[in-house]
Structures are given as structure tokens and as C-alpha cells.
Amino acid sequence: MNLAHLLARDAARAPDRPTLFDGTRCVASAAQWAARSARLAQALHSRGIAPGDRVLLFMRNHPRYLELLFGLWWAGAVAVPVNAKLHPAELRWIADNAQAALAFVTRDVWPEGEALGDVPVLDALGDDTTALLEAGEPAAITERAPGDTAWLFYTSGTTGRPKGVMITHRNLMAMGLTYFNDVDAIAPGDTIAYAAPMSHGAGIYAVPHLMAGARHAVPASGGFDAAELHALGLALGPLSLFAAPTIVKRLVDHAEAQGHGPAQAAAAYKTIVYGGAPMYEADIRRALRLMGPRFVQIYGQGETPMTGTALSRAVLMDEAHPQYAERVASVGVAQTPVRVRVAGSDGQPLPAGAVGEVLIQGDTVMAGYWRNPEATASALRGGWLWTGDMGALDAHGFLTLKDRSKDLIISGGSNIYPREVEEALLTAPGVAEVAVVGAHDPEWGEVVVAFVVMQPGQPGRPGDAAALDAHCLGCIARFKRPKRYVFVETLPKNNYGKVLKTALRERLAAGEGDRERV
């Protein structure tokens, strides 16, 4: 089993079909995409890249991302997609932990001449990489076992260090197939747009759309702009895309500002799959009112990519249902290839309505964490993935998330773990203690707030917030830094000395600390 066979199959059945788009400009037919990926595979073999070797993709969104991704799989290599927002120090750690053999980068996120340890670095959009894709002989697809790793996804952990999630060819094949049953039907003429980072769930959705022979478009900007995306949909036909709730909100804001309604939305968008962060009931109701039946919600994790539960457009539009309010606030029912359980600490299922930890079992669940048997043993127990999320199932199988057993902050669809930020702040001059929590934000879902205790004789002042912000920018990714600093004399703690973050969140909910912003 190798996911590259999907590309070869697509090229064989419709070789001349326009398939890859940079904005509205077609840059590859199905046959051209397959040929480029096959040539890259041969070039990788010539460079000594062996099956199972890890290759980093540290890139902004671009059609070449897909050519490289499938070229890596064609060669039997493991793709290591890395968030392009990460700090160089974070990328170096991932490269070392993954024991990477090669890295493809774009120069906007990794400047020329910047070293990555002993890992060779190639400009993904440069002449050398173009030659690898355009010249030479194509390779045959390197066969892999279903359980071989295809996608090594690094997600933050509670220790502050990322964990490499080993996603196999079988995992992604199962994810792709379930899309058609639980998320959306895809026709050969459909177009998926990559406005969210291709290193995350948006990029993985290339698999089901390739299965169906759809078109793949990256906005010319490489990112999200509501006006640009709307125009792209009008030019190429209604778009499907994955979007964090932050993006959904901006799409709806744009529609409202332009005076658009469901008819205008239908002309530009077919399906907007949202997930990755909490979607508030008021926001999805507004989205449905202004844009109509465009939406499907999914819940999953990096450890079971894009597959856990789904809330269908039919349920979202069924306002007459007596349990509509509860269902629209849920994340839906279990997707076809998995079972979902809410369990107590013993792993046994809890009755309907009871709150416990969400467990997932099925063919999309990861093989484990790369070089981290302890974390693997903790997450995979009794044949189930312990997600760390708390929730409740109703009698009809709808899952409502209540809280997280870990202190994960999800801001704009990106995962941020407080300890990682705390460790960075504790290295700043004058800082004695720090506790980081998430605060509700109407645009981002949550924002990072740091409660800071300064060392004796150094009381916190508004100017210190700017200094701490600059310090964070020197050691962690920009999106992880606090959006607000609250200077306090002490942190609330229990009898064992553990910081009571619940008390800090209560202070924020009461409006304390609103003035200490950066």
C-alpha cells in the first residue's frame, strides 16, 4: 500500500485534466503532477534517500507542496510537514528528533544560508528543485506496508516538547475513504482550496480529493483572504475547504460586509469543513443564516487525523428538530471507521450524559509517537486512543466536548501548550513565576494570557509586557506568545504547591487583567 498509487491512478484515468492551480492559473495536469512526483522520487533515490527516511517540508502554501508530498511517498519516504510559523529553534529540534535526511523549505520561512544542523536544505521553489521535478527518469512507486509511516506530524505535548505522531498509509487511506460517507460527496469537477496551512489538516484533505479526481487550488497569496477566496470560487467553481472557526468567522464577516446571502455563498463555496478549535453556537448560527448549508463540522486530533466525529450539514440545517440546540452545540457523531467512547479513568464507558475522557478506536488512529514509547503507552491504552478531551455522549451518539483534561490552548486553530510558553518566559530577566492560561476571544477562539510574578524589587509595569513579548519572539513561534500579560504578586496555589489555573481563568472571566495588553 502506498498513497502515491492514488496519484498514479488519477493520472491514468484523466491525464489531461487540469488538476493543480496557483490561484486561477493551472500549473499541472493530472499526468504532469504524477510525472513530476515520479521524477522527484528517482532524484531522491539518487541522493541516497531510502524507504522510511524522513524528509521535512517547511514551506508556505504552494502547489509544489503537493508535488513534493506525493513525490516523497512515491519514493517510499516519510513526509514531515512542519508548521511554517515555527521558530528556527523549534524546527531544528524537530529535524534532530525526526533524524531528518533532507528538508524542502521556502525562503520566506527559512532564509538562504541558514543551517539546519547536518540536514541538507533545498529551496522548494528554486531552480534546483524544479530540475528534480522536471528532468530525469521517473521512478516506479516504492511499495510500503499498510502500517508503514507516511506522515510524521509534530504536535505539542504537555512536556513542552513536540511529539511526532506516526500516521500510516492505512490511517490516511481510511481517513480519505470516510470523507465521502461522513463529510461530503466529491465530484471530479470539484475544487479544494488550501487556505489553511497545508502542513496540517487542510493538506491531508488532498487525499480524498485526489481519490475523487478533484482539482486542487492554492490561493495566489498562499493564505487566507476572504475577498480573494470568494473571487477564486467564482472563477474555478464552488470551493471546498477546511477552515478553523477563526477563518469561518472572517468569511462570514466578509459576506455580511458585502451584503451577500446564501445565494452568493453558494456561487463561491460548496463545502466548508470546520474544526480544530471550539465553534461557538452563536457563530455557527450566524454563519448558517448568512451563507446557508455550506458547513460540516469535524472533530479529530493529529493522532486520528480529521477523523473522530462529524456534524453533518443536514443536522446543522434541521432547525425544527426538538434537540437542535443541543446538537448544533455538539461535534456530531462517530465517523464510520471509528468508535467513540466517553470513559472513566478505568476506560469503561460511562452512561449517556456523563462527562468523562473521550476515547477513539479505529483504523485512523496513529501507530504511536516517534521515538517516545512512554507517551505512546500513555495515549494508546486497551486498544483505544485517550484523547485528553473531556466530553459527554447523548443517547443518540452525539458528542459534546466539555473541557480538556490537559491545559491545551487552541488559538485560531493552532495548538499551544502553556508549559512551552511558561518555560520561555521563565528564562526572561526578572521573572520569578509564571502561569499561562487561555482566555475566550470572539475572533481567535482563545488567546494566550500570562500571569507573571516578577522577582523581588522588580514589580511589573506596562513596559515590562513589551520586553517579555520581545523575549518570547526570540525563542518560540510568534503565534504562541501571550497576547496579554497580567502582573501579580502571587499565583494561587493549592496545599501541594500546584498553581490553580481554574482560579486564574475565573479572574479573566471576571474582567481582571484587561488593561495589561500588548
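Using my numbering, the letters of the sequence shown correspond one by one to residues 1470 to 1987.
Cβ coordinates follow ideal geometry from the N, Cα and C atoms, glycine included.
8 angstroms Cβ cutoff, residue i in contact with chain D
i       : result
Glu1750 : Absent from the structure: chain D. Only one protein chain is present.
Given residue i as reference, the closest of the options once Cα atoms are compared
i       : options                            : result
Thr1624 : Asp1587, Arg1523, His1669, Gly1582 : His1669
Pro1762 : Ala1746, Tyr1743, Pro1580, Lys1739 : Lys1739
Cys1944 : Leu1541, Glu1559, Gln1511, Thr1488 : Glu1559
Arg1576 : Trp1562, Arg1810, Leu1591, Asn1566 : Leu1591
Trp1913 : Phe1948, Lys1970, Arg1529          : Phe1948
Gly1980 : Leu1960, Lys1967, Glu1915, Ala1908 : Ala1908
Met1859 : Val1903, Asp1597, Glu1606, Tyr1768 : Tyr1768
Gln1817 : His1790, Gly1852, Glu1583          : Gly1852
Thr1715 : Gly1882, Leu1969, Pro1898, Val1900 : Gly1882
Phe1693 : Pro1911, Ala1756, Tyr1749, Lys1718 : Lys1718
Thr1833 : Val1676, Thr1637, Ala1746, Leu1541 : Thr1637
Ser1690 : Asp1491, Glu1915, Ala1823, Ala1939 : Asp1491
Glu1892 : Gly1605, Val1903, Leu1870          : Val1903
Boundaries of the beta strand (DSSP E) in which residue i is found, first to last residue
i       : result
Gly1907 : 1900-1910
His1685 : 1684-1687
Val1676 : Segment 1675-1680 is the alpha helix (DSSP H) holding Val1676; no beta strand (DSSP E) there.
Pro1774 : 1773-1780
Pro1550 : 1547-1550
Tyr1663 : No beta strand (DSSP E) holds Tyr1663; DSSP gives it neither H nor E.
Asp1577 : Unbroken run through Asp1577: none, as it is neither H nor E.
Phe1711 : 1708-1712
Tyr1623 : 1618-1624
Tyr1768 : 1764-1770
Gln1830 : 1825-1831
Thr1971 : Where Thr1971 is concerned, there is no enclosing beta strand (DSSP E), although the alpha helix (DSSP H) it sits in stretches over 1970-1978.
Environment of residue i [buried if 16+ CB atoms lie within 10 Å]
i       : result
Leu1973 : buried
Gly1926 : exposed
Gly1837 : buried
Gly1728 : exposed
Arg1505 : buried
Lys1632 : buried
Ala1569 : buried
Glu1750 : exposed
Leu1895 : exposed
Leu1969 : exposed
Residues near residue i in its chain [Cβ-Cβ closer than 6 angstroms; skip 5 each side]
i       : result
Leu1720 : Ala1695
Tyr1965 : Because the pLDDT of Tyr1965 is 49, which lies under 50, any placement of that residue in the model is unreliable, and the question is left without a value.
Arg1976 : none
Gly1706 : Thr1660
Gly1545 : Pro1520, Thr1611, Arg1613
Leu1538 : Ala1548
Glu1772 : Val1634, Met1835, Leu1854
Asn1650 : Thr1805
Cut-off 7 angstroms between Cβ atoms - residues of its own chain near residue i, not counting five sequence neighbours on either side
i       : result
Ala1483 : Ala1499, Gly1682
Gly1866 : Val1802, Ala1803
Pro1731 : Met1760, Gly1761
Residue j beta carbon less than 8 angstroms from that of residue i
i       : j       : result
Val1797 : Arg1754 : yes
Arg1533 : Ala1593 : yes
Ala1608 : Ala1477 : no
Val1742 : Val1802 : no
Thr1493 : Trp1502 : no
Leu1646 : Asp1479 : no
Met1667 : Asn1552 : no
Val1811 : Gly1831 : no
Met1439 : Met1642 : Since the first and last residues shown for the chain are 1470 and 1987, residue 1439 lies out of range.
Unbroken alpha helix (DSSP H) run spanning residue i, endpoints
i       : result
Tyr1793 : 1793-1797
Asp1597 : 1596-1603
Thr1647 : 1638-1651
Gln1568 : That residue, Gln1568, is in no alpha helix (DSSP H); it is neither H nor E in DSSP.
Glu1843 : 1842-1848
Residue i CB to nearest heavy atom of the ligand PLP below 7 angstroms
i       : result
Phe1573 : Looking at this structure, you won't find the ligand PLP or any other ligand, since it has none at all.
Sequence-distant residues of its chain with Cβ nearer than 8 angstroms to residue i (five each side left out)
i       : result
Leu1698 : Ala1662, Ala1664, Pro1688, Leu1708, Leu1710, Leu1720, Ala1737
Leu1828 : Val1809, Arg1810, Val1811, Ala1812, Gly1816, Trp1853, Leu1854, Trp1855, Thr1856
Lys1962 : Val1968, Leu1969
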